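*Asks:* One structure, as structure tokens, below. Some questions next.
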Amino acid sequence: MMLQSHSRFLLQTLLTRAQNLDKAVELDYQWIEFDDVRYHVQVTMKNPQILLLSVSLPNPPPEAMSFDGLPLGAIEAIKTAYGTGFQILDPPRDGFSLTLKLNFSKLRPDEAYRNSLLTKLASIREVVMGAPLKIILRHLASRTVAPELDKLVAIMHRPNETFFLVPQADKVTVAFPMRFKDSVDTILATSFLKQFVEARRAAALSSAPSCTWSPTAPQELEGAPKETLSANAGFVTFVIMPRHVDGEKLDRTVWNLSTFHAYVSYHVKCSEGFMHTRMRRRVESMIQALDQAKPLEKTRSMNNKSFKRLGLNDVNSK
Numbered sequence: 001m002m003l004q005s006h007s008r009f010l011l012q013t014l015l016t017r018a019q020n021l022d023k024a025v026e027l028d029y030q031w032i033e034f035d036d037v038r039y040h041v042q043v044t045m046k047n048p049q050i051l052l053l054s055v056s057l058p059n060p061p062p063e064a065m066s067f068d069g070l071p072l073g074a075i076e077a078i079k080t081a082y083g084t085g086f087q088i089l090d091p092p093r094d095g096f097s098l099t100l101k102l103n104f105s106k107l108r109p110d111e112a113y114r115n116s117l118l119t120k121l122a123s124i125r126e127v128v129m130g131a132p133l134k135i136i137l138r139h140l141a142s143r144t145v146a147p148e149l150d151k152l153v154a155i156m157h158r159p160n161e162t163f164f165l166v167p168q169a170d171k172v173t174v175a176f177p178m179r180f181k182d183s184v185d186t187i188l189a190t191s192f193l194k195q196f197v198e199a200r201r202a203a204a205l206s207s208a209p210s211c212t213w214s215p216t217a218p219q220e221l222e223g224a225p226k227e228t229l230s231a232n233a234g235f236v237t238f239v240i241m242p243r244h245v246d247g248e249k250l251d252r253t254v255w256n257l258s259t260f261h262a263y264v265s266y267h268v269k270c271s272e273g274f275m276h277t278r279m280r281r282r283v284e285s286m287i288q289a290l291d292q293a294k295p296l297e298k299t300r301s302m303n304n305k306s307f308k309r310l311g312l313n314d315v316n317s318k
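At position 53 of the sequence shown (counting the first as 1) the number is 53 in the UniProt record's numbering, and the numbers step up by one without a gap.
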């Protein structure tokens, strides 16, 4: 199962607002998704056609390339994705990395176009967080290397965690240090990743990016800060070729790489939940079997005849 790129709650909020523009309502929603990205949607009674969307991203680590708290190329990616229907406020709202201003009255009345644009707006996390990765892979599609990039590029995908890219003209090597806090999750993730690599070797997946797993850092990560190379579940490495980012494949590849750690975590938790369910069912079946095994009641009988114990008074009467 692959994760959706858009925020379901944000999309529902935007669609509901677009369908009720004739109603002057006030909105003020704040929530957190992916344990790291905070959203704020605001609409006032005074300007019901104006919607402000603010996004707060986790602080990038020193090794990651960022500008004013945003990943490399984020502003350009936003302008390319949303066109002129949105305005980037500078500076953003207090406490946020980015604030977009949407004027519903300036959007085309075509419902299909509006829904498509709002769905893309609900994918703001993908657009912003995936901007540096998209720059590198877009150059790969043209078989070039961006001149402003280093030989080893670090990209943040979770708070205090990064993955690394080695861009070349004919391929891009992507390495993920896999870390888990829970010891059970670490064991399950290691087993899952080993099987993940084995599954890639199937004939049906021959065109997929090559994938390897190693308990130690691969050679491509030489020069990376030592504190970023602590990985109790090993290292997963993908080799992305130009055919993997050709045309419409680019956006899908960017999203899959950006959420790879979340994809593994999801399946690890599902596996853990499945095992717990199986164990509970097994215990319940054993308890049920024990309840059915009741001992037979003993009766004082001999030759199917019952005997009555005589008391002292009964003997004297005879």
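C-beta: ideal position from N, C-alpha, C; glycine also.
All values reported here derive from a predicted model rather than from experimental measurement.
Can you tell me whether Met275 is buried or exposed, with buried defined as 16 or more other CB within 10 angstroms of its CB?
*Replies:* Counting Cβ neighbours within 10 Å, Met275 comes out exposed, since fewer than 16 surround it.
*Asks:* Enumerate, from N- to C-terminal direction, the unbroken beta strand (DSSP E) stretches of 3 or more residues contained entirely within the segment 20-61.
*Replies:* Fully enclosed beta strand (DSSP E) runs of 3 or longer: 27-33, 37-43 and 50-56.
*Asks:* Could you tell me whether the segment 96-106 touches the segment 52-67, using the rule of 3 or more Cβ pairs below 8 angstroms?
*Replies:* The segment 96-106, when compared against the segment 52-67, does touch it at the 8 angstroms Cβ threshold.
*Asks:* I'd like the span of the beta strand (DSSP E) that includes Met156, first residue to last.
*Replies:* Segment Val153 to Arg158, the beta strand (DSSP E) holding Met156.
*Asks:* Which whole runs of the beta strand (DSSP E) in the segment 75-99 are 3 residues long or more, in chain order?
*Replies:* Those beta strand (DSSP E) runs which fall completely within the segment 75-99 and span 3+ residues are 86-88.
*Asks:* So, does the segment 201-220 touch the segment 230-246, judging by three or more C-beta pairs under 8 angstroms?
*Replies:* The segment 201-220 vs the segment 230-246: in contact.
*Asks:* Where do the N-terminal and C-terminal ends of the beta strand (DSSP E) with Ala203 fall, by residue?
*Replies:* No beta strand (DSSP E) contains Ala203, which DSSP labels as neither H nor E.
*Asks:* First and last residue of the alpha helix (DSSP H) that includes Ala18?
*Replies:* Segment Arg8 to Ala18, the alpha helix (DSSP H) holding Ala18.
*Asks:* Is it the case that the Cβ atoms of Val174 and Phe192 are separated by a distance below 8 angstroms?
*Replies:* It is not a contact, given that the beta carbons lie outside the stated cut-off.
*Asks:* Among Ser7, Ile187 and Pro61, which residue has its Cα nearest to the Cα of Val41?
*Replies:* Of Ser7, Ile187 and Pro61, the residue nearest in Cα terms is Ser7.
*Asks:* Buried or exposed: where does Val283 fall if 16 or more other Cβ atoms within 10 Å of its Cβ makes it buried?
*Replies:* Label assigned to Val283: exposed.
*Asks:* In whole angstroms, what separates the C-alpha of Leu72 from that of Leu137?
*Replies:* C-alpha separation (whole angstroms): 13 angstroms.
*Asks:* Whose C-beta lies closer than 7 angstroms to the C-beta of Pro215 among residues of the same chain, with five residues either side of it excluded?
*Replies:* So the qualifying residues of the chain are Gly234.
*Asks:* Could you name the residues of the same chain whose beta carbon sits closer than 6 angstroms to that of Gly130, not counting the 5 residues immediately before and after it, in chain order?
*Replies:* Same-chain partners within the cutoff: Val254 and Ser258.
*Asks:* Could you pull out every residue in the same chain whose Cβ sits closer than 6 angstroms to the Cβ of Met302, ignoring the five residues on either side in sequence?
*Replies:* With a pLDDT of 49 at Met302, under the threshold of 50, the predicted position of this residue should be treated as unreliable, though the coordinate-derived value follows. Once the five neighbours on either side are set aside, Met302 has no close Cβ partner at all.
*Asks:* Straight-line CA distance for Gly85 to Gly69?
*Replies:* If I take the Cα positions, the gap works out to 24 angstroms.
*Asks:* Tell me whether the beta-carbon of Leu21 lies closer than 8 angstroms to the beta-carbon of Phe104.
*Replies:* Yes, Cβ-Cβ distance for Leu21 and Phe104 is below 8 angstroms.
*Asks:* If you follow the beta strand (DSSP E) that Glu161 is part of, which residue opens it and which one closes it?
*Replies:* Note, Glu161: beta strand (DSSP E), Glu161 to Pro167.
*Asks:* At what residues does the beta strand (DSSP E) containing Ala175 begin and finish?
*Replies:* Val172 to Pro177 is the span of the beta strand (DSSP E), which, as asked, contains Ala175.
*Asks:* When the distance is taken between beta carbons, is His157 closer than 8 angstroms to His267?
*Replies:* Not a contact, by the Cβ cut-off of 8 angstroms.
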